[in-house]
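Here the structure comes first, spelled out in structure tokens, and everything after it is commentary.
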Amino acid sequence: MKTFIKENVNTTPIVDNVFSIVSKAKEAIAKVGADQVVDATIGSLYGEDGKLVAFESVYRPYDAIDDRLKAAYAQSFVGNDDYRKAVYDWVVQDSKLDLEHSVLATPGGSGAVSTTISMLLDENETLIIPEIAWGSYKLMATMNNIDTVCYSLFDGDGFNLDDFKKTCKNVMKKQGKVLVIINDPCHNPTGYTLTSEEWDAVMDIANELGKEGPFIILNDIAYIDFAWDFKASRNYMHAFNKMSDDVMVIVAFSCSKTLTAYGLRCGAAMILAKQKESVRQVEIVMEKAARAIWSNIPNAAMKNFVYVTKEGKEDFEKEKDSYVALLKKRSDIFIEEADACGLTYYPYREGFFVTLRYEDPDMQTKMHEACMAENIFTVKVNKGIRVALCSLSVDKVKGLAYKMKEINDKL
Numbered sequence: 001m002k003t004f005i006k007e008n009v010n011t012t013p014i015v016d017n018v019f020s021i022v023s024k025a026k027e028a029i030a031k032v033g034a035d036q037v038v039d040a041t042i043g044s045l046y047g048e049d050g051k052l053v054a055f056e057s058v059y060r061p062y063d064a065i066d067d068r069l070k071a072a073y074a075q076s077f078v079g080n081d082d083y084r085k086a087v088y089d090w091v092v093q094d095s096k097l098d099l100e101h102s103v104l105a106t107p108g109g110s111g112a113v114s115t116t117i118s119m120l121l122d123e124n125e126t127l128i129i130p131e132i133a134w135g136s137y138k139l140m141a142t143m144n145n146i147d148t149v150c151y152s153l154f155d156g157d158g159f160n161l162d163d164f165k166k167t168c169k170n171v172m173k174k175q176g177k178v179l180v181i182i183n184d185p186c187h188n189p190t191g192y193t194l195t196s197e198e199w200d201a202v203m204d205i206a207n208e209l210g211k212e213g214p215f216i217i218l219n220d221i222a223y224i225d226f227a228w229d230f231k232a233s234r235n236y237m238h239a240f241n242k243m244s245d246d247v248m249v250i251v252a253f254s255c256s257k258t259l260t261a262y263g264l265r266c267g268a269a270m271i272l273a274k275q276k277e278s279v280r281q282v283e284i285v286m287e288k289a290a291r292a293i294w295s296n297i298p299n300a301a302m303k304n305f306v307y308v309t310k311e312g313k314e315d316f317e318k319e320k321d322s323y324v325a326l327l328k329k330r331s332d333i334f335i336e337e338a339d340a341c342g343l344t345y346y347p348y349r350e351g352f353f354v355t356l357r358y359e360d361p362d363m364q365t366k367m368h369e370a371c372m373a374e375n376i377f378t379v380k381v382n383k384g385i386r387v388a389l390c391s392l393s394v395d396k397v398k399g400l401a402y403k404m405k406e407i408n409d410k411l
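In the UniProt record's numbering, the protein residues as written are 1 to 411.
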């Protein structure tokens with residue numbers, strides 16, 4: 001007998017580890033007070049006052065937008081023309097890409113990632129993701145009946161190029177096509193950033209395997225604008241110019257992170273390839289997906305992004321950079337203390353999160369629960385425990401690594 005839902009769909013209830021631990025942290029705060037609780041669960045930027053950051057340089061211009069513009073539909077379901085151009089200019093900066101391109105507006109960076117997965121892979125094909133990664137990658141694949149396979153993220157203190165190549169080669173041999181996600185710079189949840197040399201090597205692998213079939217890199221750049229050196233943060237994109245006709249890069253951009261506009265749901269997918277025909281082929285299916293799934297991106301959000309990154313750029317960059325400096329201060333304290341006491345973490349370069357290394361699942365669970373017993377709330381990820389430095393004040397960060405090492409040593 002038929003059911004109310006389609007037959008070929010995953011019906012396992014969703015379990016969001018982040019929000020369940022957030023609830024426990026809130027309960028602890030209500031019980032013992034905020035001063036006694038370290039809530040390192042939230043993946044959003046918080047100020048030293050313990051409140052969510054909302055950039056003045058973003059929201060005052062937004063307030064000034066005419067109500068009718070806020071109420072109006074966007075120019076097109078693929079986004080306003082000036083927004084699409086502004087996104088390309090902002091993402092690329094001075095990289096000077098010698099590639100054909102197109103930009104499509106999406107509901108946040110998530111929309112860019114999910115649409116790429118659903119439109120570029122068929123059911124029962126395989127998506128390649130990092131073994132330590134944002135959990136929604138796998139969920140997005142699962143809901144489209146797409147399998148996932150993981151590549152090992154690290155070889156010592158660097159990117160594991162050998163396993164990356166091996167995994168991509170196996171998938172290419174199996175299905176004649178590769179779609180692989182690289183979340184970089186400021187990887188969620190480890191805070192790793194590939195070097196330019198590592199990106200050159202990635203493109204060499206892509207070109208080599210591209211001779212056997214289409215090779216697509218989905219570059220999730222959600223946290224790029226919180227890299228320590230903004231001017232250098234796009235340098236790795238020079239490697240994209242090396243791509244062959246059989247390689248494509250789709251960049252998933254998030255206004256959520258860049259503008260601290262998590263609820264406005266505005267982002268973009270930027271398609272890059274050597275040939276205009278290749279870009280247009282992908283553009284067509286993404287256009288149709290946009291029309292069929294969400295129809296329209298908030299008009300005011302796009303209008304505001306154009307203003308903030310053009311006329312308001314100086315004020316925006318000044319304000320954003322002050323928070324980047326604050327984030328770096330927090331991470332410098334944590335890393336210095338972790339190194340001093342021997343608390344083990346995955347290679348960290350920059351960004352919102354640090355992930356402690358726990359490859360043994362039992363030890364990971366014990367550590368996670370022991371920390372909660374001491375009112376330190378974190379998030380379990382594959383092979384680790386994520387500490388969201390983005391949401392902790394400097395005072396909360398001070399001594400945290402030492403406390404966590406003490407808890408670890410008692411297990």
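Heads up, the beta-carbon is just placed ideally off N, CA and C, and yes, glycines get one too.
Residue i (DSSP reduced to helix, strand or coil)
i	result
Asn145	coil
Lys331	The identity of residue 331 in the sequence shown is Ser, whereas the question assumes Lys. Helix at Ser331.
Thr344	coil
Pro61	helix
Val267	In the sequence under discussion, the amino acid at residue 267 is Gly, which differs from the Val named in the question. Reduced to three states, the DSSP call for Gly267 is strand.
Val91	helix
Phe77	coil
Met248	strand
Phe253	strand
Val103	strand
Asp49	coil
Ala273	strand
Val38	strand
Chain-order list of residues whose beta-carbon lies under 7 Å from that of residue i (same chain, five-residue window excluded)
i	result
Ile21	Thr41, Phe377, Val379
residue 418	The first residue shown for the chain is 1 and the last is 411, placing residue 418 beyond what the model contains.
Ala338	Tyr345, Ala401
Straight-line gap, residue i to residue j (C-alpha atoms, nearest Å)
i	j	result
Arg265	Lys6	28 Å
Asp163	Ile128	12 Å
Asn124	Leu179	13 Å
Thr258	Gln275	30 Å
Asp49	Val397	14 Å
Ser244	Leu218	16 Å
Asp66	Ile297	17 Å
Leu97	Phe240	7 Å
Ala71	Ala300	8 Å
Ser233	Thr3	50 Å
Asp321	Lys211	42 Å
Ala325	Gln93	21 Å
Ile224	Trp90	11 Å
Tyr402	Glu336	10 Å
Val171	Thr126	7 Å
Glu198	Lys31	48 Å
Thr12	Asp147	15 Å
Gly108	Cys255	6 Å
Ala28	Met372	9 Å
Asn160	Asp315	39 Å
Glu208	Ser110	29 Å
Lys366	Gly156	25 Å
Glu56	Glu319	8 Å
Leu121	Lys242	24 Å
Close beta carbons around residue i, own chain, < 8 Å, minus the five adjacent residues each side
i	result
Leu139	Ile14
Thr193	Asp184, Pro185, Cys186, His187, Ala227, Arg349, Glu350, Gly351
Asn8	Glu123, Asn145
Ile182	Pro130, Leu194, Val202, Ile217, Leu218, Asn219, Asp220
Gln364	Tyr358, Lys380, Lys383, Gly384, Ile385
Asn17	Gly135, Val379, Lys380
Val113	Ser136, Tyr137, Met140, Ile181, Leu218, Asp220, Ala252
Same chain, Cβ closer than 6 Å to residue i, five either side skipped, listed in chain order
i	result
Tyr346	Thr190, Thr355, Arg357
Tyr307	Pro61
Val58	Leu259, Val308
Ala74	Asn80, Asn296, Ile297, Asn299
Val279	Glu100, Ser102, Ile271, Ala273
Asp63	none
CB contact below 9 Å: residue i versus chain B
i	result
Glu198	The structure shown contains no chain B, having only a single protein chain.
Assumed close pair residue i, residue j - CB separation to whole angstroms, cut-off 8 Å
i	j	result
Phe253	Ile221	6 Å
Gly33	Ala388	20 Å between Cβ atoms; not a contact.
Ala105	Ala261	The pair is not a contact, with the Cβ atoms about 14 Å apart (cut-off 8 Å).
Lys410	Cys341	About 14 Å separates the two Cβ atoms, so there is no contact after all.
Asn382	Ile132	5 Å
Tyr323	Leu52	Rounded, the Cβ-Cβ distance is 12 Å, inconsistent with contact.
Ser391	Asp35	The Cβ separation is near 15 Å, so there is no contact.
Ala370	Ile407	5 Å
*asked:* Just to confirm the assignment: which complete beta strand (DSSP E) runs, minimum length 3, are found wholly within the stretch 205-230?
replied: Along the stretch 205-230, the beta strand (DSSP E) occurs as fully enclosed runs of 3 or more residues at 215-220, listed in sequence order.
*Curious, which full-length beta strand (DSSP E) runs of at least 3 residues does the stretch 152-187 contain?*
Within the stretch 152-187, the complete beta strand (DSSP E) runs of at least 3 residues are 178-183.
_Complete alpha helix (DSSP H) runs within the stretch 352-388 (minimum length 4 residues, chain order)_ = Complete alpha helix (DSSP H) runs here, min 4: 361-373.
*asked:* Suppose only complete runs of 3+ residues qualify. What are the beta strand (DSSP E) ranges in the stretch 296-330, listed by chain order?
replied: Scanning the stretch 296-330 for uninterrupted beta strand (DSSP E) segments of 3 residues or longer gives nothing; none is fully contained.
*Write down every uninterrupted run of the beta strand (DSSP E) in the stretch 108-134 whose length is 3 residues or greater and which is fully enclosed by it, in chain order.*
Runs found: 126-130.
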